[in-house]
Amino acid sequence: MVTFIETLRSPIERKAMATSPTTVLRVPPAVAGVDRDMDMSQHPAAITARGMNFYYGENQVLFDVNLTVPERSVTALIGPSGCGKSTFLRTLNRMNDLIEGTRCTGEVLIQGQNIMEPAVDVVLLRKHVGMVFQKSTPFPKSIFDNVAYGPRVAGERNRAILADLVESCLQKAALWEEVKDRLGESAMALSGGQQQRLCIARALATNPQILLMDEPASALDPASTSRIEDLIGELCANYTIVIVTHNMQQASRVSHQTAFFFEGNLVEVGPTTQIFTSPSQKKTEDYITGRFG
Amino acid sequence: MTAHFFIEMERLHRHILSMCSAAEELICDALDGLRKNRSELAMELSGRDRVVDEWDIRIEEECLKILALYHPVANDLRRVAVVMKIALELERVADLAVSIAERSSAMSQFVTFPMPSRLDEMAREALSMLHDSIDAFVEQNSRGARDICKRDDHVDQLNDELIQEVVDVMKQRPELIEPAMHLFSVIRHVERVADHATNIAEDVVYLVEGAIIRHPRLPRNAGGLLASRDS
Numbered sequence: 007m008v009t010f011i012e013t014l015r016s017p018i019e020r021k022a023m024a025t026s027p028t029t030v031l032r033v034p035p036a037v038a039g040v041d042r043d044m045d046m047s048q049h050p051a052a053i054t055a056r057g058m059n060f061y062y063g064e065n066q067v068l069f070d071v072n073l074t075v076p077e078r079s080v081t082a083l084i085g086p087s088g089c090g091k092s093t094f095l096r097t098l099n100r101m102n103d104l105i106e107g108t109r110c111t112g113e114v115l116i117q118g119q120n121i122m123e124p125a126v127d128v129v130l131l132r133k134h135v136g137m138v139f140q141k142s143t144p145f146p147k148s149i150f151d152n153v154a155y156g157p158r159v160a161g162e163r164n165r166a167i168l169a170d171l172v173e174s175c176l177q178k179a180a181l182w183e184e185v186k187d188r189l190g191e192s193a194m195a196l197s198g199g200q201q202q203r204l205c206i207a208r209a210l211a212t213n214p215q216i217l218l219m220d221e222p223a224s225a226l227d228p229a230s231t232s233r234i235e236d237l238i239g240e241l242c243a244n245y246t247i248v249i250v251t252h253n254m255q256q257a258s259r260v261s262h263q264t265a266f267f268f269e270g271n272l273v274e275v276g277p278t279t280q281i282f283t284s285p286s287q288k289k290t291e292d293y294i295t296g297r298f299g
Numbered sequence: 205m206t207a208h209f210f211i212e213m214e215r216l217h218r219h220i221l222s223m224c225s226a227a228e229e230l231i232c233d234a235l236d237g238l239r240k241n242r243s244e245l246a247m248e249l250s251g252r253d254r255v256v257d258e259w260d261i262r263i264e265e266e267c268l269k270i271l272a273l274y275h276p277v278a279n280d281l282r283r284v285a286v287v288m289k290i291a292l293e294l295e296r297v298a299d300l301a302v303s304i305a306e307r308s309s310a311m312s313q314f315v316t317f318p319m320p321s322r323l324d325e326m327a328r329e330a331l332s333m334l335h336d337s338i339d340a341f342v343e344q345n346s347r348g349a350r351d352i353c354k355r356d357d358h359v360d361q362l363n364d365e366l367i368q369e370v371v372d373v374m375k376q377r378p379e380l381i382e383p384a385m386h387l388f389s390v391i392r393h394v395e396r397v398a399d400h401a402t403n404i405a406e407d408v409v410y411l412v413e414g415a416i417i418r419h420p421r422l423p424r425n426a427g428g429l430l431a432s433r434d435s
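So the protein lines, in turn, are chains P and R. Residues 7 to 299 (the numbering used here) make up the first sequence, in order. Residues 205 to 435 (the numbering used here) make up the second sequence, in order.
The following block contains the structure:
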């Protein structure tokens, strides 16, 4: 007969369960997710903004912004509409150059180089600093051609190399399994969530070090949003990601570092866990708790 | 955050204050009963303990609902977490009140048993700590809360001295072992009340400052969070 004491789990069994809780929690073990305990002070800076001011004509929209983004981490930019977070994001690959009458002072260092200098090759810069927008923007081409577009523009013509690259990028964007049998079909036929992941794959095809994301999941349903967030968690092992989001919960879920902008000023930046449990600035607390904005 | 959220938070605050008041009255009456030898007190307090238990469950349900529906962050998150913890402490304080009344009732049969005078001092200090910790919660006074934590050492010292006195009585007068055992339990319960008051005070510090001050010897980073988590 089995005694009562024999029905109890041994400490060793308990320990085994603690190291592998996936059975109990029913979570897929493969998802990497964002490591909240990552010590970002050990990561060198991927982007350093110093004394950045930005103007639309006479209207100044960013005031003396100083922000360091650590390599291979996710930084979330939050703040109410019009606070300057998207302007700041677009400055990081000089997308604002395309808007007439804009002006930027201060410096933004990427790999030790001030990208605000006129001599900087912006095409090369945007190859290193990819961007994903709020609304998915697939080209009216095939899935394959969308991902291969950047490398082709850069001069790559070898079909085998392009095929390997397309597969690799679609796998990194967690889209390969869904589209591998229909790479020749139009990208426009994909769902919204798939189109957004295709845009991420396209951004990865130029082998960037930094990915900028401007509200990448705001137009997606919860399941697609979840896939994009999982993807961010996996990509940050190899890429530096800066994401603008209005969704506080998304910022708290996906990022290591959160920066709060208000009326063009960087009010507070710090580890996401700290910002969402004990922010140091009253304004940050009022914003993330919904007291204003 | 919606107006509904603020209404829910206000309601939660009213409810935890009601529970504070119910639990504080219970322990106050239980300690008062030590002096008055009221044998029927235990049954009365047991009935009132049910009210505190009901608050405990209701407040936990309200906290879980707020967490699930509104995903509070920053001071709102800390407040919900702290209210859940304080409710747990108060529920235990109310249980202790019933236990003290039961022991007090049992001791009332031994009218010649000498009640140590310092028990009254210890009870007053524990009660005062509980009262002050609840005040600190209401006033969000983290400095006051930190002071309460320091006062627990005095209660611990009284506990040690009184326990020694009880042991001496049991050694010298074996016929008093039974009431001495009841007194021993009462002393331990009063000491636990001070511990719960200290826990509430520590929760208040977390609510106001975001810093976890339990286990001060553990390494922490600047944000007040544990520098490394258990693997």
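Glycine is no exception: its CB is placed at the ideal position from the N, C-alpha and C atoms.
Beta-carbon proximity list for residue 246/R, same chain, < 7 Å, skipping 5 on both sides: For residue 246/R, the CB contacts under 7 Å within the same chain, skipping 5 residues up- and downstream, are 302, 305, 306 and 309 in chain order.
So who's on the other strand from residue 137/P, going by DSSP bridges? Note: residue 137/P sits in a beta bridge opposite 218/P.
Put residue 103/P into one of helix, strand or coil per three-state DSSP. Residue 103/P falls in the helix class under three-state DSSP.
Anything in the segment 271 to 298 of chain P with a Cβ closer than 7 Å to a Cβ of chain R? List those residues in chain order, please. Identification of residues in the segment 271 to 298 of chain P having a C-beta nearer than 7 Å to some C-beta of chain R yields 277, 279, 280, 282, 283, 284, 285, 291, 294, 295 and 296, given in sequence order.
Given residue 99/P as reference, the closest of 107/P, 85/P, 89/P and 123/P once Cα atoms are compared: If we check each option's Cα against that of residue 99/P, 123/P comes out closest.
Test item: CB-CB of residue 16/P and residue 220/P under 9 Å: 9 Å or more divides the Cβ of residue 16/P from the Cβ of residue 220/P.
Check residue 116/P in the structure and name its three-state DSSP category. Per DSSP, reduced to three states, the secondary structure at residue 116/P is strand.
Quick one: does the C-beta of residue 211/P sit closer than 8 Å to a heavy atom of the ligand NAD? Because no ligand of any kind appears in the structure shown, any question about the ligand NAD cannot be addressed here.
Straight-line gap, residue 256/P to residue 211/P (C-alpha atoms, nearest Å): The straight-line gap from Cα to Cα measures roughly 26 Å.
Over the uninterrupted alpha helix (DSSP H) stretch that includes residue 212/R, give me the two end residues. Looking at the DSSP string, the run of the alpha helix (DSSP H) that includes residue 212/R is 207 to 240.
Bounding residues of the alpha helix (DSSP H) (the contiguous stretch that carries residue 341/R): Its alpha helix (DSSP H) spans residues 321 to 343.
Residue nearest to residue 270/P in terms of C-alpha spacing, selected from 88/P, 74/P, 79/P and 73/P: Out of 88/P, 74/P, 79/P and 73/P, 88/P has the C-alpha closest to the C-alpha of residue 270/P.
Span separating the alpha-carbon of residue 339/R from that of residue 282/R: Each residue's Cα considered, the two are about 18 Å apart.
Of all the options 149/P, 128/P and 259/P, which has the alpha carbon lying nearest to the alpha carbon of residue 186/P? It is 149/P whose Cα lies nearest to the Cα of residue 186/P.
Please list the partners that residue 44/P has in chain R, where partner means a Cβ-to-Cβ separation under 9 Å. Near residue 44/P there are no residues of chain R at all, since even the closest Cβ is about 11 Å away, more than 9 Å.
Bridge partners of residue 271/P, per DSSP? Assignment of beta-bridge partners to residue 271/P by DSSP yields 268/P.
Could you spell out the range, first to last residue, of the beta strand (DSSP E) harbouring residue 51/P? Taken as a continuous stretch (DSSP letters only), the beta strand (DSSP E) holding residue 51/P covers 51 to 62.
Span of the alpha helix (DSSP H), counted from its first residue to its last, around residue 388/R: For residue 388/R, the enclosing alpha helix (DSSP H) stretches over residues 381 to 413.
If you reduce the DSSP assignment to three classes, tell me which class residue 187/P lands in. In this structure, residue 187/P counts as coil in the three-state DSSP scheme.
Can you tell me whether DSSP reads residue 416/R as helix, strand or coil? Coil at residue 416/R, not helix or strand.
Rounded straight-line distance, which links the Cα of residue 22/P to that of residue 209/R: Their Cα atoms are separated by approximately 41 Å.
What do you get for residue 341/R, buried or exposed, if any count of 16 or more other CB atoms within 10 angstroms of its CB means buried? So residue 341/R ends up on the buried side.
Separation of residue 248/P from residue 50/P, as counted between CA atoms: If I take the Cα positions, the gap works out to 15 Å.
Closer than 7 Å by beta-carbon distance: list the chain P residues that pair up with residue 280/R, in chain order. Chain-order list of chain P residues neighbouring residue 280/R: 295, by C-beta distance under 7 Å.
Do you know offhand how far residue 127/P's Cα is from residue 120/P's? Each residue's Cα considered, the two are about 12 Å apart.
Can you grab the Cα-Cα spacing for the pair residue 117/P / residue 356/R, in whole Å? For residue 117/P and residue 356/R, the distance between alpha carbons rounds to 55 Å.
Look at the Cβ atom of residue 392/R, then the Cβ atom of residue 362/R, and state whether they are nearer than 9 Å. Cβ atoms of residue 392/R and residue 362/R: not closer than 9 Å.
Is any beta-carbon of chain R found at less than 9 Å from that of residue 258/P? For residue 258/P, the nearest beta carbon of chain R is closer than 9 Å to its own beta carbon.
Using the Cα positions of residue 59/P and residue 179/P, report the straight-line distance between them to the nearest angstrom. So the alpha carbons of these two residues sit roughly 34 Å apart.
Could you check whether the Cβ of residue 237/R sits closer than 9 Å to any Cβ belonging to chain P? Closer than 9 Å: no.
For residue 292/R and residue 175/P, what's the separation of their Cα atoms in angstroms? Distance between the alpha carbons of residue 292/R and residue 175/P is about 51 Å.
How many angstroms separate the CA atom of residue 317/R from the CA atom of residue 380/R? Rounded to the nearest angstrom, the two C-alpha atoms are 7 Å apart.
Considering only residues of the same chain and omitting the five flanking positions on each side of residue 383/R, which have a CB-CB separation below 6 Å? Only 311, 314 and 317 meet the Cβ criterion.
Should residue 345/R go down as buried or exposed, given a rule of 16 or more other Cβ atoms within 10 Å for buried? Label assigned to residue 345/R: buried.
Nearest to residue 336/R (by Cα), restricted to the options 349/R, 277/R and 327/R: By alpha-carbon distance to residue 336/R, the top candidate from 349/R, 277/R and 327/R is 349/R.
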